[in-house]
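Per this note's numbering, the sequence shown starts with residue 6, numbered consecutively. All C-beta atoms in this analysis are idealised placements derived from N, C-alpha and C, irrespective of residue type, glycine included. Computed from a predicted model, the values in this text were never measured in an experiment.
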Amino acid sequence: MNKELNIITLDIPFPPNYGGAIDEFYTIKKLYDLGIKIYLHAFQYGERKPSKELEQYCTEVHYYERKRNLYDFFNKIPFIVKTRDHDLLLNNLLKNNAPILFEGIHTTYFLSDPALRGRLKIIRAHNIEQDYYKFLAKFEKNLLKKIYFFIESVKLKNYEINVIKNADSIAAISIGDMKRIKLWNENVELISSFHPFDNVESMIGKGKYALFHGNLDVSENKTAAEFLANKVFNDINIPFIIAGKCKKENNIKRHLVPNSNIQLLTNISDEKMNDLIRNAHLNVLYTTQSTGLKLKLIYSIFLGRFILVNNLMVENTDLAPLCEIANDEKEMKKKILNIFDDYFTDEMIEKRKKILNDLGYMNEQNVKKLLKMLQINE
């Protein structure tokens with residue numbers, strides 16, 4: 006088979022500044038590096054705009070407006086899928102006979118279309134979406150959003166299972182997701198998230214602060230930041246930085262108990278964020294839900310020194326051996342104080358490299374798995 010591939014992304018994957026876009030962009034980049042001719046089909050909405058950067062890696066780049074209207078809420082097809090129904094996308098897919106990689110359940114509107122019968126179709130599952138939307142509904146405080154998330158989770162329950170059954174195979178992002186998907190389609194392969202790192206870049210020595218990073222507009226991250234600031238770092242003499250994207254900084258600040266040891270940094274550059282992760286003595290990651298694979302965990306492992314997580318952060322993954330684990334404020338305080346007495350060594354870095362390689366978290370390993378699924382020879 007020719008080295009050609011259609012990739013449909015749920016949004017524009019540049020800049021790679023959040024989980025889904027990071028996985029999408031570095032998938033494209035690694036495939037390009039191996040000489041794959043990529044026809045990219047990207048949905049445009051929100052603040053993300055067409056990017057010249059993508060033209061460096063793709064033979065063709067097609068953009069499609071994501072049309073959202075009230076009627077789509079009442080369709081039996083999930084809103085995240087129905088709003089990516091674009092006839093021009095189907096027409097462009099029919100212009101070649103290359104395999105199709107659907108990035109996320111969101112992009113699968115045409116997967117079962119009769120016009121694509123006989124085409125090789127792979128879904129990249131970023132989450133078990135029905136679970137993710139159920140979680141969003143549970144923790145959302147805005148009533149209208151809560152209702153939307155709940156209805157979407159119900160729609161996804163049937164849609165997700167059926168569309169996965171109709172795909173030729175699925176690239177799951179975590180062990181837990183893979184086990185679940187295998188109930189619906191036996192042709193599933195574990196392919197961890199693609200990322201910008203070719204090797205572990207952690208530094209030896211000691212840092213002077215602990216760090217929590219994430220998109221602070223996401224309720225999960227906002228809740229985690231407040232918990233860590235107000236319950237964990239509230240009475241231990243360790244500098245703590247909270248960093249991430251945030252449209253309304255005051256919404257975060259007003260929920261943080263004043264503390265001279267705690268600093269909030271919002272909307273910093275990717276370079277500055279990576280420097281913060283790299284120079285921290287400890288990256289603290291806390292979550293209230295375990296869906297998918299957290300890219301901030303991958304960044305902390307490849308860039309950072311010590312990592313402290315709760316069980317949910319590494320649940321359904323095999324990354325627990327690379328982290329210290331604590332699940333309540335008392336246990337976390339104790340671990341943090343002990344870790345700040347430790348020195349990060351060359352031996353720790355070499356151990357981290359070996360574990361990541363053994364577990365299959367390197368891009369070179371995962372792109373080979375993906376090419377095999379797509380029946381494309383290197």
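query = In angstroms, rounded to a whole number, what distance separates the CA positions of N132 and K227?
reply = Taking the straight line from one Cα to the other gives about 20 Å.
query = When DSSP labels each residue in this structure, what does F154 get in the three-state scheme?
reply = DSSP places F154 within a helical segment (H, G or I) once states are collapsed to three.
ask   = Excluding sequence positions up to five away, which residues of its chain have a Cβ less than 6 Å from the Cβ of V168?
value = Closer than 6 Å at Cβ, skipping near neighbours: T113, L116.
request  = Select from A229, L188, L233, I273 the residue whose C-alpha is nearest the C-alpha of K338.
outcome  = The shortest C-alpha separation from K338 is found at L233.
Status (buried if at least 16 other CB within 10 Å, exposed otherwise) for S305 = Buried, since its Cβ has 16 or more Cβ neighbours within 10 Å.
request  = Please report the residue range of the beta strand (DSSP E) in which V86 lies.
outcome  = Per DSSP, V86 belongs to no beta strand (DSSP E); it is in the alpha helix (DSSP H), 84-87.
query = Just reading off the alpha helix (DSSP H) that W174 is part of, what are its end residues?
reply = Note on residue identity: the sequence assigns Ser, not Trp, to residue 174. For S174, there is no enclosing alpha helix (DSSP H); the enclosing beta strand (DSSP E) covers residues 174-177.
message = Going by C-alpha to C-alpha distance, which of D136, Y137, I110 sits closest to K126?
response = Taking the Cα of K126 as reference, the smallest distance to any Cα among D136, Y137, I110 is reached at I110.
message = Do I257 and L221 have their beta-carbon atoms positioned less than 8 Å apart in this structure?
response = Yes.
task = Pick helix, strand or coil for F140, following the three-state DSSP scheme.
result = DSSP, reduced to helix, strand and coil, places F140 within a helical segment of the structure shown.
request  = Inspect the beta-carbon positions of F154 and Y138 and report whether they are closer than 8 Å.
outcome  = Yes, the pair counts as a contact, with Cβ atoms nearer than the cut-off.
key: Cβ-Cβ separation, I178 to S384 (assumed contact under 8 Å), whole Å   = The question about residue 384 has no answer, for the chain in this structure spans 6 to 383.
query = When burial is assigned at 16 or more other CB atoms within 10 Å of the CB, is M208 buried or exposed?
reply = Exposed, by the Cβ-count rule.
key: Length at least 4, wholly inside the segment 303-334: the alpha helix (DSSP H) runs in chain order   = As far as the segment 303-334 is concerned, its whole alpha helix (DSSP H) runs of at least 4 residues are 316-319.
ask   = Within this structure, are the beta carbons of K160 and I82 separated by less than 8 Å?
value = Less than 8 Å divides the Cβ of K160 from the Cβ of I82.
request  = Going by DSSP, name the residue or residues bridged to R129.
outcome  = E108, A176.
Per DSSP, cross-strand counterpart(s) of H200 = Bridge pairing for H200: absent [DSSP].
ask   = Between the segment 38-52 and the segment 270-286, do three or more beta carbon pairs fall short of 8 Å?
value = No, they do not touch.
inquiry  = If you reduce the DSSP assignment to three classes, tell me which class T32 lands in.
reply    = Taken through DSSP and simplified to helix, strand or coil, T32 comes out as helix.
key: Inter-residue spacing [alpha-carbon to alpha-carbon] between I303 and H200   = Between I303 and H200, the C-alpha separation is close to 8 Å.
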